[in-house]
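Asker: Handing you this structure, nothing more for now.
Number of protein chains: 2
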Amino acid sequence: MEADGQKYAADISSIKEAHERIKPYVHKTPVLTSESLNSISGRSLFFKCECFQKGGAFKFRGACNAVLSLDAEQAAKGVATHSSGNHAAALSLAAKIQGIPAYIVVPKGAPKCKVDNVIRYGGTVIWSESTMSSREKVASKVLQETGSVLIHPYNNGRVISGQGTVALELLEQIQEIDTIIVPISGGGLISGVALAAKSIKPSIRIIAAEPKGADDAAQSKAAGRIITLPVTNTIADGLRASLGDLTWPVVRDLVDDVVILEDVEIIKAMRMCLEILKVSVEPSGAIGLAAVLSESFRSNPSWKDCKNIGVVLSGGNVDLGSLCDSFQSSK
Amino acid sequence: MEADGQKYAADISSIKEAHERIKPYVHKTPVLTSESLNSISGRSLFFKCECFQKGGAFKFRGACNAVLSLDAEQAAKGVATHSSGNHAAALSLAAKIQGIPAYIVVPKGAPKCKVDNVIRYGGTVIWSESTMSSREKVASKVLQETGSVLIHPYNNGRVISGQGTVALELLEQIQEIDTIIVPISGGGLISGVALAAKSIKPSIRIIAAEPKGADDAAQSKAAGRIITLPVTNTIADGLRASLGDLTWPVVRDLVDDVVILEDVEIIKAMRMCLEILKVSVEPSGAIGLAAVLSESFRSNPSWKDCKNIGVVLSGGNVDLGSLCDSFQSSK
Numbered sequence: 001m002e003a004d005g006q007k008y009a010a011d012i013s014s015i016k017e018a019h020e021r022i023k024p025y026v027h028k029t030p031v032l033t034s035e036s037l038n039s040i041s042g043r044s045l046f047f048k049c050e051c052f053q054k055g056g057a058f059k060f061r062g063a064c065n066a067v068l069s070l071d072a073e074q075a076a077k078g079v080a081t082h083s084s085g086n087h088a089a090a091l092s093l094a095a096k097i098q099g100i101p102a103y104i105v106v107p108k109g110a111p112k113c114k115v116d117n118v119i120r121y122g123g124t125v126i127w128s129e130s131t132m133s134s135r136e137k138v139a140s141k142v143l144q145e146t147g148s149v150l151i152h153p154y155n156n157g158r159v160i161s162g163q164g165t166v167a168l169e170l171l172e173q174i175q176e177i178d179t180i181i182v183p184i185s186g187g188g189l190i191s192g193v194a195l196a197a198k199s200i201k202p203s204i205r206i207i208a209a210e211p212k213g214a215d216d217a218a219q220s221k222a223a224g225r226i227i228t229l230p231v232t233n234t235i236a237d238g239l240r241a242s243l244g245d246l247t248w249p250v251v252r253d254l255v256d257d258v259v260i261l262e263d264v265e266i267i268k269a270m271r272m273c274l275e276i277l278k279v280s281v282e283p284s285g286a287i288g289l290a291a292v293l294s295e296s297f298r299s300n301p302s303w304k305d306c307k308n309i310g311v312v313l314s315g316g317n318v319d320l321g322s323l324c325d326s327f328q329s330s331k
Numbered sequence: 001m002e003a004d005g006q007k008y009a010a011d012i013s014s015i016k017e018a019h020e021r022i023k024p025y026v027h028k029t030p031v032l033t034s035e036s037l038n039s040i041s042g043r044s045l046f047f048k049c050e051c052f053q054k055g056g057a058f059k060f061r062g063a064c065n066a067v068l069s070l071d072a073e074q075a076a077k078g079v080a081t082h083s084s085g086n087h088a089a090a091l092s093l094a095a096k097i098q099g100i101p102a103y104i105v106v107p108k109g110a111p112k113c114k115v116d117n118v119i120r121y122g123g124t125v126i127w128s129e130s131t132m133s134s135r136e137k138v139a140s141k142v143l144q145e146t147g148s149v150l151i152h153p154y155n156n157g158r159v160i161s162g163q164g165t166v167a168l169e170l171l172e173q174i175q176e177i178d179t180i181i182v183p184i185s186g187g188g189l190i191s192g193v194a195l196a197a198k199s200i201k202p203s204i205r206i207i208a209a210e211p212k213g214a215d216d217a218a219q220s221k222a223a224g225r226i227i228t229l230p231v232t233n234t235i236a237d238g239l240r241a242s243l244g245d246l247t248w249p250v251v252r253d254l255v256d257d258v259v260i261l262e263d264v265e266i267i268k269a270m271r272m273c274l275e276i277l278k279v280s281v282e283p284s285g286a287i288g289l290a291a292v293l294s295e296s297f298r299s300n301p302s303w304k305d306c307k308n309i310g311v312v313l314s315g316g317n318v319d320l321g322s323l324c325d326s327f328q329s330s331k
């Protein structure tokens with residue numbers, strides 16, 4: 001897409017094409033509302049429940065679009081990625097639907113429940129050491145040996161286009177939305193959402209929600225270039241990645257603000273999702289609600305007129321034991 | 001409704017009228033599906049998520065219909081009930097919407113979170129001792145002093161008609177449903193659902209799910225008359241009531257079977273709702289999933305051809321502490 005001389009990795013056409021392509025396979029997730037949460041936040045909130053998506057997170061949209069876009073020759077050799085998170089399971093599921101192999105390089109020490117998901121969806125698990133260099137080394141060996149196509153979790157135009165379908169659906173479901181709050185990690189989801197939403201409704205505000213212990217997006221926007229953190233520390237295990245060269249330009253140009261949240265605020269929001277909305281949301285997924293309720297958002301005069309806010313609950317894959325532990329320790 | 005010489009307290013017309021009346025106030029709750037749960041159960045399951053209803057349970061439909069059906073003179077004096085459960089909160093909320101008082105007699109020892117809900121929705125709490133005789137005595141004093149109208153939680157035609165709107169919505173959302181599984185307690189929900197569903201689709205099967213420690217409906221159907229249990233013992237705190245004279249004829253005539261579940265099966269289903277569907281469902285609300293997965297349902301040749309099953313997840317009001325405790329103790 002050409003805009004101010006910039007090219008982005010996706011645009012409204014590629015997102016609409018992705019929607020047509022993946023529609024038969026993805027859930028059109030419902031939008032929930034709660035008068036209690038409206039009254040607590042002082043806004044009208046519309047929760048887009050991607051935790052109900054197949055595989056338990058929005059990741060299936062992008063993975064599905066990437067897999068379905070392969071030509072027959074590429075597809076035959078399968079797809080690969082290195083990830084211990086929701087993208088690994090989503091890619092396995094997308095490959096299963098197409099009947100092609102998925103090779104997933106998983107670092108030792110990855111959470112059992114996420115590895116179980118990969119296996120359940122028929123992905124082939126290849127173990128690596130937990131360091132990034134080992135992951136990349138093993139992955140490149142797998143690519144070489146199998147001839148499979150690497151599907152990056154976010155730095156990929158097809159993946160960004162797939163994630164953008166969240167916004168297409170949301171704005172079709174609730175026309176009056178004036179703001180969308182989206183968790184930010186590598187930037188695949190928010191890039192797709194921003195490109196779709198600002199094309200449909202140029203006045204819409206796109207706000208990122210980021211944990212304090214992994215605030216590289218906020219730092220990057222302040223610095224005007226991609227900042228990578230040497231260490232991250234947050235309960236939101238899905239929000240530790242850094243921006244890529246395809247997501248950064250979109251985040252730089254189209255994301256209006258980044259709200260930074262403490263882990264304790266994220267846990268509180270997760271608890272409200274469960275107790276008030278009756279929805280199980282993982283920490284990375286609940287951060288958008290935490291942002292709406294945060295003092296820094298509420299007191300910012302720029303966001304006073306955000307009245308109808310779409311909040312993307314991006315995923316629901318949380319281990320029940322950790323959930324109970326985190327509630328107990330935050331009492 | 002006349003059927004085999006029997007009159008029922010509601011019929012498809014009163015249910016459709018209720019639907020028109022309450023539509024502006026209730027959530028049209030979404031229907032969720034899960035390929036994992038389809039594969040585990042060997043059927044196509046359609047989860048009607050009444051846990052997302054206002055007040056966290058289907059109860060708001062009946063309470064709302066009852067309150068909105070009062071004439072101005074009756075309404076002015078308010079409504080009353082004695083309950084420590086979801087009906088109390090639902091009635092308070094319905095009264096609040098109409099701007100009329102709700103007097104709720106609450107037995108001492110009622111769960112704090114449910115009393116909090118009543119207060120949050122503006123109901124006036126009047127305490128009684130925990131015995132049924134004290135509850136009734138206090139309630140009758142309240143009725144006398146205030147001139148308010150008693151709204152029974154289930155033995156009331158308007159309440160039954162309101163609950164029946166669950167089936168109207170479900171059959172509009174998913175036409176191919178051939179069976180609906182509904183939790184049974186006093187019988188208000190299942191009576192409304194059975195009357196609506198069998199009128200729209202006479203071939204549909206209506207199956208009740210009941211906890212073993214409160215199996216009065218199964219015993220009543222076997223005996224051909226209302227059986228009241230002296231003691232009940234189940235984790236499903238919403239399913240301890242006995243059938244009333246308005247719900248019994250419908251349960252007797254239109255409910256095709258009662259599946260009885262152990263508490264451990266209910267807890268397991270509650271856990272699957274949370275981990276697989278990502279939905280927080282209280283024990284009484286998860287019992288329908290437990291029924292579909294139970295050996296007694298799976299091995300019963302009469303239900304072999306139940307292919308597309310609506311499962312009503314009736315409520316989601318569960319205290320997070322008890323939730324974590326019950327999962328820990330059932331490990």
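These protein sequence lines are chains B and X, in that order.
Residues in the first sequence are numbered from 1 upward in steps of one, following UniProt numbering.
Residues in the second sequence are numbered from 1 upward in steps of one, following UniProt numbering.
Ideal placement from N, C-alpha and C gives every residue a C-beta, glycine not left out.
All values derive from a computational prediction rather than experimental measurement.
Apply the 10 Å Cβ neighbour rule to asparagine 233 (chain B) and answer buried if 16 or more other Cβ atoms are within range, or exposed otherwise.
Answerer: Exposed, since its Cβ has fewer than 16 Cβ neighbours within 10 Å.
Asker: Does any CB atom of chain B fall closer than 8 Å to the CB of proline 30 (chain X)?
Answerer: Yes, its Cβ sits closer than 8 Å to a Cβ of chain B.
Asker: For the beta strand (DSSP E) containing threonine 124 (chain B), name the first residue and the last one.
Answerer: Run containing threonine 124 (chain B): 124-128, per the beta strand (DSSP E) assignment.
Asker: With a cut-off of 8 Å, does the C-beta of serine 280 (chain X) fall near any C-beta of chain B?
Answerer: Chain B contact via Cβ: present.
Asker: Are the Cβ atoms of glycine 162 (chain B) and alanine 66 (chain B) separated by less than 8 Å?
Answerer: Contact flag set, yes.
Asker: Do we get a CB-CB distance below 8 Å when we pair arginine 271 (chain B) with the residues of chain X?
Answerer: Yes, arginine 271 (chain B) counts as interfacial toward chain X.
Asker: Which same chain residues, not among the five before or five after glutamate 265 (chain X), have their C-beta less than 7 Å away from its C-beta?
Answerer: Cβ neighbours of glutamate 265 (chain X) beyond the five flanking positions: Ala290 and Ser294.
Asker: Select from X:Asn300, X:Ser83 and X:Gln74 the residue whose C-alpha is nearest the C-alpha of valine 125 (chain X).
Answerer: Among X:Asn300, X:Ser83 and X:Gln74, the Cα nearest to that of valine 125 (chain X) belongs to X:Ser83.
Asker: Which residue from B:Asp245, B:Val255 and B:Ile287 puts its Cα closest to that of aspartate 263 (chain B)?
Answerer: For the residues B:Asp245, B:Val255 and B:Ile287, the minimum Cα distance to aspartate 263 (chain B) belongs to B:Ile287.
Asker: Hey, quick one: how far does the alpha helix (DSSP H) through glycine 162 (chain X) stretch, first residue to last?
Answerer: 157-173 is the span of the alpha helix (DSSP H), which, as asked, contains glycine 162 (chain X).
Asker: Alpha carbon to alpha carbon, what distance is there between leucine 195 (chain B) and glutamate 2 (chain B)?
Answerer: Residue placement at glutamate 2 (chain B) is poorly supported in this model, since its pLDDT is 45, which falls under 50; the coordinates are not used for a value here.
Asker: Cβ closer than 7 Å: which chain X residues qualify as neighbours of glycine 42 (chain B)?
Answerer: Near glycine 42 (chain B) there are no residues of chain X at all, since even the closest Cβ is about 17 Å away, more than 7 Å.
Asker: If you drop the 5 nearest sequence neighbours on each side, which residues of the same chain put their C-beta closer than 6 Å to that of glycine 5 (chain X)?
Answerer: With a pLDDT of only 47 at glycine 5 (chain X), under the threshold of 50, the placement of this residue in the model should not be trusted, and no figure is reported.
Asker: Measuring alpha carbon to alpha carbon, tell me which of X:Gly55, X:Ile40, X:Pro301 and X:Pro283 ends up nearest serine 322 (chain X).
Answerer: Looking at the Cα atoms, X:Pro283 is the closest of the given residues.
Asker: If you scan the stretch 258-289 of chain B from start to end, which runs of the alpha helix (DSSP H) of 4 or more residues do you find wholly inside it?
Answerer: Entirely contained in the stretch 258-289 of chain B, the alpha helix (DSSP H) runs reaching 4 residues are, in chain order, 263-272.
Asker: So the beta strand (DSSP E) phenylalanine 46 (chain B) belongs to, where does it begin and stop?
Answerer: Element bounds for phenylalanine 46 (chain B): 44-49.
Asker: In the DSSP output, which residue or residues are listed as bridge partners for asparagine 308 (chain B)?
Answerer: Paired residue(s): B:Ser44.
Asker: Alpha helix (DSSP H) containing arginine 61 (chain B): first to last residue?
Answerer: Note, arginine 61 (chain B): alpha helix (DSSP H), 59-68.
Asker: Helix, strand or coil for arginine 225 (chain X)? Go by DSSP, reduced to three states.
Answerer: In this structure, arginine 225 (chain X) counts as coil in the three-state DSSP scheme.
Asker: Helix or strand or just coil, what does DSSP make of isoleucine 151 (chain X)?
Answerer: Here isoleucine 151 (chain X) sits in coil by DSSP.
Asker: Does the distance from the CB of lysine 141 (chain B) to the CB of valine 312 (chain B) come in under 8 Å?
Answerer: Contact flag unset, no.
Asker: Given leucine 246 (chain B), which residues of its chain have a CB within under 6 Å of its CB, disregarding the five upstream and five downstream residues?
Answerer: Answer for leucine 246 (chain B): Ala9 and Asn155, listed in chain order.
Asker: Does the Cβ-Cβ distance between valine 258 (chain X) and lysine 221 (chain X) come in under 8 Å?
Answerer: Yes, the pair counts as a contact, with Cβ atoms nearer than the cut-off.
Asker: Pick helix, strand or coil for residue 335 (chain B), following the three-state DSSP scheme.
Answerer: The question about residue 335 (chain B) has no answer, for chain B in this structure spans 1 to 331.
Asker: Between which two residues does the beta strand (DSSP E) harbouring residue 361 (chain B) extend?
Answerer: Because chain B is modelled from 1 through 331, residue 361 (chain B) falls outside the range shown and cannot be assessed.
Asker: What residues from the stretch 157-180 of chain B come within 9 Å of chain X, judged by C-beta to C-beta, listed N to C?
Answerer: If the cut-off is 9 Å between Cβ atoms, the stretch 157-180 of chain B has nothing near chain X.
Asker: From alanine 102 (chain B) to glycine 55 (chain B), what does the alpha carbon distance come to, in whole angstroms?
Answerer: Roughly 15 Å separates the two Cα atoms.
Asker: In whole angstroms, what is the alpha-carbon distance linking glycine 316 (chain B) and threonine 33 (chain B)?
Answerer: Their Cα atoms are separated by approximately 17 Å.
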